[in-house]
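Q: Here it is: the structure, laid out below.
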Amino acid sequence: MDKIFTSTRSQMIKLRKRGMIINNGSRVKRILEMENYYNLINGYKELFIDSTYTGPDEKYIHGTDFFEVYSLYLFDRELRNIFIRYILEIENNFKSILSHDFSKKYGYDNYLKINNFDISVKHWERKTAAQKIGDISGLIASLQRDISNQLAKNNPMISHNMLTYGYVPLWVLVNTLSLGTLSIFYSYLKQADQNDIGRKFSLRPDELSKIIFVLSIYRNACAHDERLYNLKALKRDMHPNMIKTNSIHTQMNIPIGRSNNPVYGKNDLFAIVIIFKLMLSKNSFNKFFYSVKGEVDKLAKQINTITIGDVYKAMGFPPNWIDIKNC
-5 MDKIFTSTRS QMIKLRKRGM IINNGSRVKR ILEMENYYNL INGYKELFID
45 STYTGPDEKY IHGTDFFEVY SLYLFDRELR NIFIRYILEI ENNFKSILSH
95 DFSKKYGYDN YLKINNFDIS VKHWERKTAA QKIGDISGLI ASLQRDISNQ
145 LAKNNPMISH NMLTYGYVPL WVLVNTLSLG TLSIFYSYLK QADQNDIGRK
195 FSLRPDELSK IIFVLSIYRN ACAHDERLYN LKALKRDMHP NMIKTNSIHT
245 QMNIPIGRSN NPVYGKNDLF AIVIIFKLML SKNSFNKFFY SVKGEVDKLA
295 KQINTITIGD VYKAMGFPPN WIDIKNC
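Per our numbering: the sequence shown = residues -5 to 321.
Here it is as structure tokens:
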């Protein structure tokens, strides 16, 4: 059936028929007009749906109030604001270190030369030598496209360097590259170069490569105002895109699941908290931690139909998540 337009009044009638309590109709109407029914209700109703109901359409858990769903919606908005700030802090550090190390070894504009990357084929890559070179060539082509796109937009820094010097140094170009592109760039570096960069963060290359790629997924969700609290990092084949298990999982006694992986902190929002613990300064992490805790504590007072434990589970937060502060 085609989707058809429905008025806010019709939307409120539908919600009431499905068991949602709406007491302040005029305020709810204003919220639905301002926030978009689809984003608010369809995006945040899941935890409030009665899973035991077998009739037509769907039913909300008895006692569900509109403002509980709205509180979860606002909670997620605040999470995005908090998480993006610290993702960008790590992104800036990574861009700076990567561009500095690469330029020191190969020169300011030699990121366009295949020989400065690792063209050897690892046994786990399952590709031919030609395919590996093709992949690196694809990366280089994407860097060239980015320069062209920035010139077309009259980006002042890119334009200045290209017009004045005839090239764009990597430490300038990285500021326009996505975290996803930089994660690919890092993964194609020679092993010694990966080691040197990873050492700056006290991480192995395989750990750092996974972390940067997973971070890029959550960064995009924050930047595009998408639902964050229950987001799972997935690969293109829809399999989990997980960070490496590390000492924090062990210190927090996170249980191991059937896949022999910790059940929390692998490809969920708590994985990003773990990344922050590994990569942020103590001062930055503490500011992040108390910001999130403040929002969690506020939400806990605003919901009655579900518990904050239900929200934790959706987020991938273990019940003892606050223990990470002392890890």
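All C-beta atoms, glycine included, are put in the ideal place defined by N, C-alpha and C.
On a predicted model such as this, the values are computed, not experimentally measured, just so you know.
Would the beta-carbon of L66 fall within 9 angstroms of that of Y223?
A: yes
Q: Considering only the beta carbon of each residue, do L133 and F111 sit closer than 9 angstroms?
A: yes
Q: Taking only the alpha-carbon atoms, compute the straight-line gap between Y54 and S20 and give it to the nearest angstrom.
A: Y54 and S20: Cα-Cα distance of roughly 21 angstroms.
Q: Measuring alpha carbon to alpha carbon, tell me which of Y159, L263, L202 and F207 ends up nearest D77.
A: In the sequence on display, residue 77 carries Phe and not Asp. Residue L263 is the option with its Cα nearest to F77.
Q: So, helix, strand or coil for R3, using DSSP?
A: helix
Q: Out of curiosity, what's the CA-to-CA distance linking L106 and N189?
A: 21 angstroms
Q: Which residues in the same chain have their Cβ closer than 7 angstroms to the Cβ of K121, if we skip the five residues on either side of it in sequence?
A: Excluding residues up to 5 positions away in sequence, V115 lie with their Cβ nearer than 7 angstroms to the Cβ of K121 in the same chain.
Q: Among D200, L293 and S172, which has the Cα closest to the Cα of K184?
A: D200
Q: So, helix, strand or coil for P150, using DSSP?
A: helix
Q: Please classify M246 as buried or exposed, where buried requires at least 16 other C-beta atoms within 10 Å of its C-beta.
A: buried
Q: Quick one: give me the first and last residue of the alpha helix (DSSP H) that F361 is part of.
A: An answer regarding residue 361 cannot be provided, because it is not within the stretch -5 to 321 covered by the chain.
Q: Could you round the C-beta distance between M236 and N255 to whole angstroms and report it? I think they count as a contact, below 8 angstroms.
A: 7 angstroms
Q: For I43 and M14, what's the separation of their Cα atoms in angstroms?
A: Whole-angstrom Cα-Cα distance: 10 angstroms.
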